[in-house]
Amino acid sequence: MAEILKDRSELDTQFQWDLTPMFENDDAWEATLASLDADIESLSAFAGKLNDAVTIGAYLDASTEVGRKVERLYCYASQRHDEDTRDDKAQSMYARVGSKYVKIAAALSFAQPEILSLPEETLTAIVNDPAVADYKFNLEDLLRSKPHTLTKAEEKLLASFGEVMSAPSEAYHNLEDADLLFDAVKNGAGETVEVTGSNFVPLEMGTDRVLRENAFHSYYKSYREHINTFAAMYSGAIKAATAEAAARNYPSSRAMAMAGENVPAEVYDNLIATVRKHMPAMHRYVRLRKKMLGVDELHFYDVYAPLVGDLKKSYTYETAQEMVLKAVAPLGEDYQETVRKAYAERWIDVYPNRGKRGGAYSGGCYDSNPYILLNFSGTLDSVSTLAHEMGHTIHSWRSRQHQPPQYADYTLFVAEVASTVNENLLIEQLLQNENDPQTRLYLLNQYLENFKGTVYRQTMFAEFEREAHAMVERGEALNAAALNALYKRLVTDYFGDDMVIDDEIQYEWARIPHFYRPFYVYKYATGYSTAVALSEGILKEGEPAVKRYKEFLSMGGSAYPLDELRHAGVDLATPAPVDAALEKFERILDDAEATLAKLQ
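Under the UniProt record's numbering, think of the first position of the sequence shown as 1, with each following residue one higher.
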C-alpha cells in the first residue's frame, strides 16, 4: 500500500530548508521585486553609451548587482513553489518573477551587440583597461565571439526566424508528449497493463519478462508508425542548426555548439575513438548480463532488467548523513565541515510532502546558502542522491566563497563532475567495507550500469549526432531509412554479438529529446569519465590530488572548463581520462565476475 504523504505543516522544520537567509519573509520578497522597475530604468540609460572602458565597467557593475537581486528573487520564489506546487501564492510569485526576468533580459539586450559593434582594436584596448579588470575574462570571451556576430540588422533578421528554427523541436515535443499513444499489453499473469511514455522505462526495469517484451513491442510500434514524421522533424532541426552555423561563419553546427564553452572538436572525437577502443569491455558486460539473467537470448527488452534483487536494507536519514560524511572523508576535514554545516543550518529539504516537487536538485544563489531538495525514502538510491546533490552543493558553495558573482557559476560542461565524484566515493566506501557477495554484486552492478548508461550509451548518442549532422552538411538525404540504418549500425557496434539486435531498436533514436539540443549528450560521458579519473586520483594519490580538486571546486566560471579540469589534473584534450575511466570499468567487471563465481 502506498504511503500517504503528510502536509508540509505536519513535518518537523528541522527537515525543511531555511529560506530566511534569502528573504526574511514573503513581504520582504515583494518589496525587493517592486524595486526592479527602477533598476531596469537605470540600466536602460546606458544604451548608446557603451563605447569606453569606464562606462562599460560601470554598466557591468550595475548589471551584475541587478543580476544578483533577480537571482535571489527567482531562487526564493522557485523554492517556495517547489515546497508545495499547489500553493497559489507561491505559483503567483514564481510566475511574476519569471515575467520580470524576461522583461529585464529584453531591456538589456542592447548591451552585447553594442559592445561587439566597436572596432576590434577598440575592443582589445578596452579588454586590457584597468577600469574593466574585474570582467576581463568575460570580455575576452565576448571578443572571441565577434567573428561570429552579425550586423545589428542581420542579427535582428536571424532573431526573427527564431520560432521557425525551433519549430521542429516544438513539433517533436508535441508529438511525443501529447499525441503518441501506445497499445495496452498483457503481463506474465495475463493482466492488462497500460503503456505510456512515462511508464515505459519503469516497465522495462521490472522482473516480468513477458511484460517487458510486450511493452517493448507496443512502445516501438508507435514510433515505427510515425518514423517518417520523426525523421522530417529531426532533419529540419539539423538543417536549422547548419544554416545558423553557416550564417555565423562557423565551419559546422558542431563547432557552433561547442564554441560557447571553448571546447575543441578533438575532445568529442577523442571520446568516441577511446570508447570504441574499449568496446570489448562493453561486450563483456553484455555477456555477463546475459549470464546473470539466465536467458538463451539477450534482447533489448532485457537491458534494464534488474540483475540483482533490490537490497532489503533501509536507511534512516540520520544514517544516510553519516554515510555521506564518511564517504567524503578523503576530501579532508574542511570538506566534511561544510557537509556538517549543510546539515546543521537546514540547507536540505528532506522528506516528500503533499504537493512537493518530485526528484532532487541542488539550488540557491550567490547571496544565499546552497540548497538541496530531496524526497528521501530510505533506499540506498536515496543515500546516493544525497551524496550526489551534496557534490553540486559544495561545488557551488566553494565557487561562491572564492569568486565574485560574475564568475561564481560553473558551466554545464563541468556541472556533473563534483556530484559524480561524491557518488563514486560513496560506492567505493561501501564496497571497501562489504563482504556479503550478494550485496557486493548489487553495488558492483550499480557501478557498471552507471558506466554503461553514462559513458557507453551517451557516446553512442554522440556518434549518432556527429554522423547525422555530417550527412546534412555533405548534402545527403537524412530520411527515416538513413537514420534507422545509422542507429542500428551503431547499436550493433556498441552492444556486440551477444545481444539480439531487435528490429524495433532501430527506431530508438526518435525517442531521444536531447538530439534537439545539438551536441549536448557527449558532456555526460566526458563528465562521468572526468569524475572517475578524479575520484581514483583522490583515493590513490591522496593530498596532492585533493588539493587540486578543491581548487577546481573553487574556480566557478573564472576560466574555460577544459582549463579548470587541467588544473584538477584531468586533460580532456587527450584520451587519457576516458582511457583511465574505462580501465576502471574493466576492473569493476573483473570484480563482478569473481563475486558472481562465489555465489554459484
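Just so you know, even glycine gets a beta-carbon here, dropped at the ideal spot from N, CA and C. The structure presented is a predicted model; accordingly, all values stated were derived computationally and were not measured.
| Check | Outcome |
| --- | --- |
| Is the Cβ-Cβ distance between Asn375 and Gly358 less than 9 Å? | yes |
| Work out the CA separation of Glu449 and Met1 for me, nearest whole Å. | Per-residue confidence for Met1 stands at a pLDDT of 38, beneath the threshold of 50, marking its modelled position as unreliable; the derived number appears in the next sentence. Distance between the alpha carbons of Met1 and Glu449 is about 29 Å. |
| Please determine, among Leu425, Ala559 and Val295, the residue with the shortest C-alpha to C-alpha distance to Tyr407. | Ala559 |
| In terms of residue numbering, what span does the alpha helix (DSSP H) encompassing Ser92 cover? | Asp88 to Ala107 |
| Which one or two residues does DSSP pair with Leu443 in a beta bridge? | None, per the DSSP bridge assignment. |
| Can you list, in chain order, the residues of its chain with a C-beta nearer than 7 Å to that of Glu551? Leave out the 5 residues immediately preceding and following it. | His567 |
| Helix or strand or just coil, what does DSSP make of Pro437? | helix |
| Buried or exposed for Lys540, please, with buried defined as at least 16 other CB atoms from any protein chain shown within 10 angstroms of its CB. | exposed |
| With respect to the alpha helix (DSSP H) encompassing Tyr234, which residues constitute its N-terminal and C-terminal limits? | Ile227 to Ala247 |
| Nearest to Ser235 by alpha carbon, out of Glu473, Asp497 and Tyr371? | Glu473 |
| Between the region 224-234 and the region 166-173, are three or more C-beta pairs nearer than 8 Å? | yes |
| For Ile4, does the count of other Cβ atoms within 10 angstroms reach 16, so buried, or fall short, so exposed? | exposed |
| Quick check on DSSP: helix, strand or coil for Leu5? | coil |
| Do Glu140 and the ligand PLP come close, with the Cβ less than 8 Å from some heavy atom? | In terms of ligand content, the structure shown is empty, and the ligand PLP therefore cannot be addressed. |
| Is Glu583 helix, strand or coil when you go by DSSP? | helix |
| So the candidates are Arg72, Pro405 and Lys6; which of them puts its Cα closest to the Cα of Ala28? | Arg72 |
| Whose CA, out of Gln432, Gly496, Tyr317 and Tyr549, lies closest to the CA of Asp381? | Tyr317 |
| Grab the span of the beta strand (DSSP E) containing Tyr371 for me, first residue to last. | Pro370 to Leu373 |
| Residues in its own chain within less than 8 Å of Thr85 by CB, not counting five upstream and five downstream? | Gln91, Gly355, Lys356 and Arg357 |
| Since Tyr494 and Glu508 should fall inside the 8 Å C-beta cutoff, what is the C-beta to C-beta distance between them, to a whole number of angstroms? | The Cβ separation is near 12 Å, so there is no contact. |
| By a C-beta neighbour count over all protein chains shown, 10 Å radius and 16 as the cutoff for buried, is Leu412 buried or exposed? | exposed |
| Please report how far the alpha carbon of Ala245 lies from the alpha carbon of Asp302, in whole angstroms. | 40 Å |
| Can you give the Cα-Cα distance for Gly162 and Asn138, rounded to whole angstroms? | 26 Å |
| Using 10 angstroms around the beta-carbon of Thr454, count the other beta-carbons present and answer buried if the total reaches 16, otherwise exposed. | buried |
| What is the residue span of the beta strand (DSSP E) that Gly364 lies within? | Tyr361 to Gly364 |
| Report buried or exposed for Met282, applying the criterion of at least 16 other Cβ atoms within 10 angstroms of its Cβ. | buried |
| Give every residue of the same chain whose Cβ lies closer than 6 Å to the Cβ of Leu478, excluding the five residues on either side of it in the sequence, and list them in chain order. | Ser235, Met471 and Val472 |
| Thinking just about the alpha-carbon of each residue, which of Leu572, Tyr74, Asp12 and Val132 is nearest to the one in Tyr366? | Tyr74 |
| Does DSSP put Leu331 in a helix, in a strand, or in coil? | helix |
| Once DSSP output is grouped into helix, strand and coil, what is the label at Met256? | helix |
| Skipping 5 residues on each side, what residues in its chain have a beta carbon closer than 7 Å to that of Ala533? | Val570, Pro577, Ala580 and Ala581 |
| Name the two residues that bound the continuous alpha helix (DSSP H) containing Ala377. | In the sequence on display, residue 377 carries Ser and not Ala. Segment: none, Ser377 is in no alpha helix (DSSP H) and carries neither H nor E. |
| For Glu114, I'd like the list of residues in its chain whose CB is within less than 6 Å of its CB, leaving aside the five on either flank, ordered along the chain. | Leu50 |
| To the nearest angstrom, report how far apart Asp409 and Glu191 are at their CA atoms. | 51 Å |
| Kindly indicate which three-state DSSP category Val193 falls into: helix, strand or coil? | strand |
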